[in-house]
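Q: Submitted below is the structure of interest, expressed as structure tokens.
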Amino acid sequence: MFSVGLPLTLFLAGGLLCLASTTSLPERSIVKRAPSGPKLFGDDFPDPAVINYANTWYSFATQKAYSAIRTQVASSSDFNTWQLVNNSVGSQHDAMPNLASWVYSPNPNVWAPDVNLLSSGSFIMYYCATTSQSTSHHCVGAAHSSNIVGPYTADSSPLICNLTAGGDIDPSGYSENGQQYLLWKVDGNSLGNSGLCGNDNGQYSTRIRIQTVGSGGVTLQGGITDLLDNCDYLKNCASGTTDNGIVEAPSLAKVGSTYVLFFSSGCYATSNYRVNYATSSSLLGPYTRHSGSLFQNGTYGLNSPGGASIARDGQHLVFHANYGSGRALYTDVISVSGTTVSG
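All the letters of the sequence shown, read from the start, carry residue numbers -24 to -1, 1 to 319 under mature numbering (1 follows the signal peptide of the UniProt record, and there is no 0).
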């Protein structure tokens, strides 16, 4: 989702995990409200993922540009005021300070960390990084810790690594009724050369996928299901619309009887980046895309919003938008009524 030298971020999902949504939540009426931000004084904190644990919100983000901190962490007691997590000597904490052996260490580009609580009480972090096998492409990896803020110990082998299709990025966990799932994006646009993110012409698939994983979070089970792809590649864009060749950053929640899949369309480095969503009555789809964007350039004055992550409660949403020289953290409390999401 992000190019070399530029940060990504995700926030973890509320309550139990980004992976978690063990029970359906009641449907809610629409309440219109503006997002809140930028947080962290506008610091660079891209592609946020969100999790609530022990009555505290945590967010894990991509490394900021030109920083030695590969995996950022922030926390909040009220979802409004956020602070970067520091280490014992007062400097910024790195949740995964040591790289896996498969990662290309000269330029690892660790993106999109997503932390989830497992049934064992320990935590798993999904992330993506460049691989020594193909230094311009990413694979998805996993890391483990008994403490939510880490340090996380990375597994020695990647979890998902389809380099011929462009690699894999933007992992996101989900669970329901004790079963865990992993979502991710096939990074096909990394193969292209059309536009800033490589796929303006829609030549390559950037499909969003889901697969069952075991209770430890790292044993892939059963087949892969493709949930979405960019409409330019599929050649089925609705009249007057486009994904600008990219869909990415999946995040899933269930509200009432409706599954809501949040995703970003477009190139993160342009004004066409935006937060969209699709809904389904079944976890594995088919998903029906909403005709408009939840957030796009200009919505509430936002600049290129994207990389959204929804908490387990189906209400608390984090995302980034351009601010100053980076991408800052923004938050929102959304409402879902039937198949309509209101931010």
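Glycine included, each C-beta is placed from N, C-alpha and C at the ideal position. On a predicted model such as this, the values are computed, not experimentally measured, just so you know.
For residue 6, which residues in the same chain have their Cβ closer than 6 Å to its Cβ, ignoring the five residues on either side in sequence?
A: Here the model assigns residue 6 a pLDDT of 34, short of 50, so the residue's position is not dependable and the matter cannot be decided.
Q: Report yes if the CB atom of residue 170 is closer than 8 Å to the CB atom of residue 143, and no otherwise.
A: The answer is no: Cβ separation not under 8 Å.
Q: Which of helix, strand or coil does DSSP assign to residue 283?
A: Here residue 283 sits in strand by DSSP.
Q: Is it the case that the stretch 149 to 156 contacts the stretch 181 to 195, given that we only count it when at least three CB pairs across the two stretches are under 8 Å?
A: Contact holds: three or more Cβ-Cβ distances are below 8 Å.
Q: Compute the beta-carbon to beta-carbon distance between residue 296 and residue 55, rounded to the nearest angstrom, for a pair I have assumed lies under 8 Å.
A: Residue 296 to residue 55, Cβ: 16 Å. No contact.
Q: Please classify residue 50 as buried or exposed, where buried requires at least 16 other C-beta atoms within 10 Å of its C-beta.
A: Counting Cβ neighbours within 10 Å, residue 50 comes out buried, since at least 16 surround it.
Q: Rounding to the nearest angstrom, what Cα-Cα distance links residue 212 and residue 175 in this structure?
A: Looking at the two C-alpha atoms, the distance is approximately 16 Å.
Q: Just confirm the distance between the C-beta atoms of residue 25 and residue 12, as a whole number of angstroms; I'd bet it's less than 8 Å.
A: Wrong, their Cβ atoms sit about 17 Å apart, outside the cutoff.
Q: In whole angstroms, what separates the C-alpha of residue 148 from that of residue 102?
A: About 7 Å.
Q: Can you look up residue 71 in the DSSP assignment and give me helix, strand or coil?
A: DSSP places residue 71 in coil when its eight states are reduced to three.
Q: Decide if the stretch 212 to 230 is in contact with the stretch 278 to 294; the criterion is three or more beta carbon pairs, one per stretch, under 8 Å apart.
A: The stretch 212 to 230 is in contact with the stretch 278 to 294.
Q: Any idea what DSSP makes of residue 166, helix, strand or coil?
A: Residue state, collapsed to three classes: helix.
Q: Run through DSSP, which three-state label would residue 19 get?
A: Residue 19: coil per DSSP, three-state reduction.
Q: Over the uninterrupted alpha helix (DSSP H) stretch that includes residue 103, give me the two end residues.
A: Per DSSP, residue 103 belongs to no alpha helix (DSSP H); it is in the beta strand (DSSP E), 99 to 107.
Q: When DSSP labels each residue in this structure, what does residue 229 get in the three-state scheme?
A: If DSSP states are grouped into helix, strand and coil, residue 229 belongs with the strands.
Q: In three-state DSSP terms, what is residue 141?
A: Three-state result, residue 141: helix.
Q: Given this structure, state the Cα-to-Cα distance separating residue 84 from residue 304, to the nearest angstrom.
A: Spanning the two alpha carbons is a distance of roughly 22 Å.
Q: Taking the alpha-carbon positions, what's the residue 234 to residue 315 distance?
A: Computed Cα separation, rounded: 7 Å.
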